[in-house]
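K.L.:
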Amino acid sequence: MVTTAHDTGRTAAGEAARERALAAAAAVADPELPMLTLADLGILRGVDLDEDGTVQVWITPTYSGCPALTEMRADVDRAVRAAGVDRVRVRTALSPAWTTDWITGEGRRKLAEHGISPPGQAPRRAPGPVPLTLLPTRTAPRCPLCGAADTEELSRFGATSCKSLHRCRSCLEPFEHVKEI
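For the sequence shown, UniProt numbering assigns the number 1 to the initial residue and increments by one for each residue that follows.
#1: Spatial neighbours of C146 within its chain, please: CB distance less than 8 Å, with the 5 preceding and 5 following residues excluded, ordered by chain position.
#2: Could you compute how far the alpha carbon of L154 sits from the alpha carbon of I116?
#3: I'd like the list of long-range same chain contacts for D75, defined as Cβ closer than 6 Å, with 5 residues on each side in sequence excluded.
#4: Taking DSSP's pairing of strands, which residues face T92 in a bridge?
#5: Can you pull the DSSP bridge partners for E153?
#6: T54 and R89: beta carbons closer than 8 Å?
#7: Helix, strand or coil for R45 per DSSP?
#8: According to DSSP, is A13 helix, strand or coil?
#9: Mark G42 as exposed unless 16 or more other C-beta atoms lie within 10 angstroms of its C-beta, in which case mark it buried.
#10: Could you check what DSSP says for E113 in three-state terms: helix, strand or coil?
#11: The beta strand (DSSP E) that contains V76, what's its start and end?
#12: Using 8 Å as the threshold, is the C-beta distance between E180 and Q121 below it?
#13: Can you tell me whether H6 is helix, strand or coil according to DSSP?
#14: Run the CB neighbour count on D7, radius 10 Å, all protein chains shown included, and call it buried at 16 or more, exposed below.
#15: Applying the criterion that 16 or more other CB atoms from any shown protein chain within 10 Å of the CB defines a buried residue, is M72 buried or exposed?
Here you go:
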């Protein structure tokens, strides 16, 4: 997570405001996965202090069309203002694109604890255009409830676009899996 302050805007009061903003933004719950914070998901990218003392909070959505982005921005703004920071601007950074590799170990633990299979490592791609492949690219996730590897995909889309729906063939329980991106 990037946490910078421009030298011209760095004062003790400005740095204290930036630190309060960082702590407040890091604690904001994701609207679609409320057991996780924006920091757990790697959505919180950083907090800057502008020359005029405005705190800028940078977030990166899980994908560019994420319907929760408006709610995340509003929640971050409310939380930072509640922490006593009056001059705040929530900004969106689309580059680099978010990846499931940014989910913290704590975030992965919380997902599994809540019955959602955490993602594996995101696919590695060379720079440039995304290649089209007609071969299967999906892997079967382990069941977050019993740990079995014998699972099947029921639907490529779960309650949100970033999750798929699976069933464990061992314990027969359904579960969601966060897709690797």
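In this text, a Cβ means the ideal position worked out from N, Cα and C, and glycines have one as well.
None of these values were measured; they are calculated from a predicted model.
P.N.:
Taking the coordinates as given:
#1: Locating residue 146 in the sequence shown gives position 146, counting from the first residue. C168, S170, C171 and E173.
#2: Along the sequence shown, read from residue 1 onward, the residue named residue 154 stands at position 154. Along the sequence shown, read from residue 1 onward, the residue named residue 116 stands at position 116. Going from the Cα of L154 to the Cα of I116 covers about 14 Å.
#3: Mapped onto the sequence shown, residue 75 falls at position 75. Counting only Cβ-Cβ distances below 6 Å, and skipping sequence neighbours, we find V28.
#4: Translated into the one-based positions of the sequence shown, residue 92 becomes position 92. Answer by DSSP bridge pairing, in chain order: I59.
#5: Along the sequence shown, read from residue 1 onward, the residue named residue 153 stands at position 153. In DSSP, E153 forms a bridge with H166.
#6: Taking the sequence shown and counting its residues from 1, the one referred to as residue 54 is at position 54. Taking the sequence shown and counting its residues from 1, the one referred to as residue 89 is at position 89. Against a cut-off of 8 Å, the Cβ pair of R89 and T54 comes out as a contact.
#7: Position 45 of the sequence shown holds residue 45. Strand at R45.
#8: Within the sequence shown, the letter at position 13 stands for residue 13. Here A13 sits in helix by DSSP.
#9: By 1-based counting over the sequence shown, the position of residue 42 is 42. So G42 ends up on the buried side.
#10: Translated into positions along the sequence shown, residue 113 becomes position 113. Reduced to three states, the DSSP call for E113 is helix.
#11: Here the question's residue 76 lines up with position 76 in the sequence shown. Run containing V76: none in the beta strand (DSSP E); it sits in the alpha helix (DSSP H), L69 to A82.
#12: Your numbering for residue 180 matches position 180 in the sequence shown. Your numbering for residue 121 matches position 121 in the sequence shown. Cβ distance < 8 Å, so E180 and Q121 count as in contact.
#13: Locating residue 6 in the sequence shown gives position 6, counting from the first residue. Bear in mind that the predicted position of H6 carries a pLDDT of just 46, short of 50, making it unreliable; the figure below should be weighed with that in mind. Reduced to three states, the DSSP call for H6 is coil.
#14: Your numbering for residue 7 matches position 7 in the sequence shown. Note that D7 has pLDDT 44, beneath the 50 cutoff, so the model's placement of it is unreliable and the number below is only indicative. Exposed: under 16 other Cβ atoms inside 10 Å.
#15: The sequence position of residue 72 within the sequence shown is 72, counting from 1. Buried, because 16 or more other Cβ atoms sit within 10 Å of the Cβ of M72.
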